[in-house]
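Participant:
Residue numbers (our numbering): 8 to 431.
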């Protein structure tokens, strides 16, 4: 029977070999729960490793039970580190309870004091990312994290969501920016907004910034685009909010090829947990190509006949392009515009065969003030009910709905315990 201490060292060596050694870990959020102060010091020391320079790491006192109490009312990060001195029989029970509060896509590394190979095998089989046995070096811990997020076979960490208007002026940019801002605040994870309306984009205006032409420079770089260049082109707009802004100029004709954005999207998706694409109201080869590759698509429409016709066309076309993928979701905006006859929300959603996830009331004063100030709705009207709509949209685009646990324990038979935390 092999020794897990030796496995720790082998795992570190393997991770270093398979992750190009010095590649930076993406902008992920890591939270650690430590029973001992020495463990907390060890975990905090990993920030000295340059591979961790982009990682947001926090440590908490407590074990698995402490994590359970924390995540009853808070979203889980990209990675949870758990120190536990529980026995092999108790660890699976505690982890099953924790799994009730974990969001999809969250990884778990358990730091244990029990050298038990059978426990290790069962935890790995059930979906726990790694089980490391003390004593653990900081290099082993960093390499374990890198193996999750940097290895060639590691899935991209970023969820991609595109917002597109059914009709010009329907407000998809405002909905996209406010929803992305709300997602960043609620999950405390990095979010990137890609403003793809090159001549008329509003991301810079809405966040009161005048940044460089990030998205055009990224596309123009072609195969030369890498993480270092991307970091220079991304602008920081607010806490956990990043922008790739449009140049907003008519001096140049932006004749884009079908796959021109593909490399940019793949690179940001590999480095940022949530990527929100603000797609302009037009139909071209690159728009069609981009829409086929996204995790989720949200169509923003107003409740009138022209929007209904266009939404139906978009839903049918996108669904045909994305066979077997999620159908687009619908947000109705500017509901209750004075003196305008409107199609009832339920009838609109039924006619376009699309899930209505939210409706946002017409509020010219609030939206106008936010736009003129370069702020989000929650910043100018924290008590507005519109913010509830953005919270609901952000929950859908982040996939933050907690799933019910159906697994049952029988001894150490914990197959499937954490499979819901892994990407499909």
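We treat Cβ as the ideally placed atom computed from N, Cα and C, and that holds for glycine.
Let's test the definition: count the other Cβ atoms within 10 Å of the Cβ of residue 265 and tell me whether it reaches 16, buried, or not, exposed.
Facilitator: Around the beta carbon of residue 265, a 10 Å sphere encloses fewer than 16 other beta carbons of the protein chains shown; the residue is thus reported as exposed.
Participant: Between the alpha carbons of residue 199 and residue 96, how many angstroms are there, rounded?
Facilitator: Annotation: residue 199 to residue 96 spans about 42 Å, alpha carbon to alpha carbon.
Participant: Below 6 Å CB to CB, which residues in the same chain sit around residue 224 once its five sequence neighbours on both sides are set aside?
Facilitator: 240
Participant: Which stretch, first to last residue, makes up the alpha helix (DSSP H) that contains residue 354?
Facilitator: 352 to 359
Participant: Excluding sequence positions up to five away, which residues of its chain have a Cβ less than 7 Å from the Cβ of residue 177?
Facilitator: 307, 308, 309, 314 and 340
Participant: Going by beta-carbon coordinates alone, are residue 115 and residue 101 separated by less than 8 Å?
Facilitator: With a cutoff of 8 Å on beta-carbon distance, residue 115 and residue 101 are scored as not near each other.
Participant: Is the segment 205 to 215 touching the segment 358 to 375, taking contact as three or more C-beta pairs under 8 Å?
Facilitator: no
Participant: With DSSP collapsed to three states, give me the class of residue 165.
Facilitator: Coil, per DSSP.
Participant: Are the CB atoms of residue 74 and residue 36 within a distance shorter than 8 Å?
Facilitator: no
Participant: Just verifying my parser: in three-state terms, what is the DSSP assignment at residue 73?
Facilitator: Three-state result, residue 73: helix.
Participant: State the DSSP-derived secondary structure class of residue 341, mapped to helix, strand or coil.
Facilitator: strand
Participant: What number of angstroms, rounded off, separates the C-alpha of residue 220 from the C-alpha of residue 41?
Facilitator: 44 Å
Participant: Based on the DSSP secondary-structure assignment, which residues constitute the bridge partners of residue 306?
Facilitator: 171 and 337
Participant: Using DSSP bridges, identify the partner residues of residue 374.
Facilitator: Partner(s): none; residue 374 has no beta bridge.
Participant: Name the DSSP bridge partner or partners of residue 119?
Facilitator: BP columns for residue 119 point to 91 and 140.
Participant: Measuring CB to CB, does residue 105 end up less than 8 Å from residue 71?
Facilitator: For the 8 Å CB-CB criterion, residue 105 and residue 71 form a contact.
Participant: How long is the line joining the alpha carbons of residue 117 and residue 86, rounded to whole angstroms?
Facilitator: If you draw a straight line from the Cα of residue 117 to the Cα of residue 86, it is about 11 Å long.
Participant: Quick one: grab the DSSP three-state call for residue 231.
Facilitator: Note: residue 231 maps to helix in three-state DSSP.
Participant: Would you grab the beta carbon distance between residue 405 and residue 166 for me? Rounded to a whole angstrom, and I think it's under 8 Å.
Facilitator: Yes, they are in contact, since the Cβ atoms of residue 405 and residue 166 sit about 7 Å apart, within 8 Å.
Participant: For residue 366, which beta-bridge partners are listed by DSSP?
Facilitator: 339
Participant: In whole angstroms, what is the alpha-carbon distance linking residue 130 and residue 312?
Facilitator: 55 Å
Participant: If contacts are defined as beta-carbon pairs under 8 Å, then residue 320 and residue 337 qualify, I think. What distance do you get, rounded to the angstrom?
Facilitator: That pair is no contact at about 13 Å.
Participant: In the structure shown, what three-state DSSP assignment does residue 114 receive?
Facilitator: strand
Participant: Residue 153 and residue 58: beta carbons closer than 8 Å?
Facilitator: Result yes, Cβ atoms of residue 153 and residue 58 sit closer than 8 Å.
Participant: With H, G and I counted as helix, E and B as strand and the rest as coil, what does DSSP make of residue 67?
Facilitator: Note: residue 67 maps to strand in three-state DSSP.
Participant: Which residues bound the alpha helix (DSSP H) around residue 52?
Facilitator: 44 to 52
Participant: Taking 8 Å as the threshold (C-beta atoms), are residue 148 and residue 235 in contact?
Facilitator: Taking 8 Å as the cut-off, the beta carbon of residue 235 is found no closer than this to the beta carbon of residue 148.
Participant: Is there contact here, the segment 377 to 385 with the segment 272 to 287, by at least three beta-carbon pairs under 8 Å?
Facilitator: no
Participant: I believe residue 384 touches residue 249 by the beta-carbon criterion, under 8 Å. Please report the beta-carbon distance rounded to the nearest angstrom.
Facilitator: No, residue 384 and residue 249 are not in contact; Cβ-Cβ is about 20 Å, not under 8 Å.
Participant: Which residues in the same chain as residue 391 place their Cβ atom closer than 7 Å to its Cβ, once the five residues preceding and following it in sequence are excluded?
Facilitator: Excluding the 5 residues flanking it on each side, residue 391 has same chain C-beta neighbours closer than 7 Å at 373 and 384, in chain order.
Participant: Check residue 389 in the structure and name its three-state DSSP category.
Facilitator: coil
Participant: Which residues in the same chain as residue 267 place their Cβ atom closer than 7 Å to its Cβ, once the five residues preceding and following it in sequence are excluded?
Facilitator: When the five nearest sequence neighbours on each side are left out, the beta carbons in the same chain lying within less than 7 Å of the beta carbon of residue 267 are those of 226 and 293, in order along the chain.
Participant: Hey, out of 163, 132, 93 and 187, whose CA is closest to residue 32's CA?
Facilitator: Comparing C-alpha distances from residue 32 to each of 163, 132, 93 and 187 shows the shortest one belongs to 163.
Participant: What does DSSP give as the partner residue(s) for residue 201 in the beta ladder?
Facilitator: Beta-bridge pairing links residue 201 to 251 and 284.
Participant: Residue range of the beta strand (DSSP E) that residue 270 falls in?
Facilitator: Run containing residue 270: none in the beta strand (DSSP E); it sits in the alpha helix (DSSP H), 269 to 276.
Participant: Please state if the CB of residue 110 and the CB of residue 83 are separated by a distance shorter than 8 Å.
Facilitator: yes
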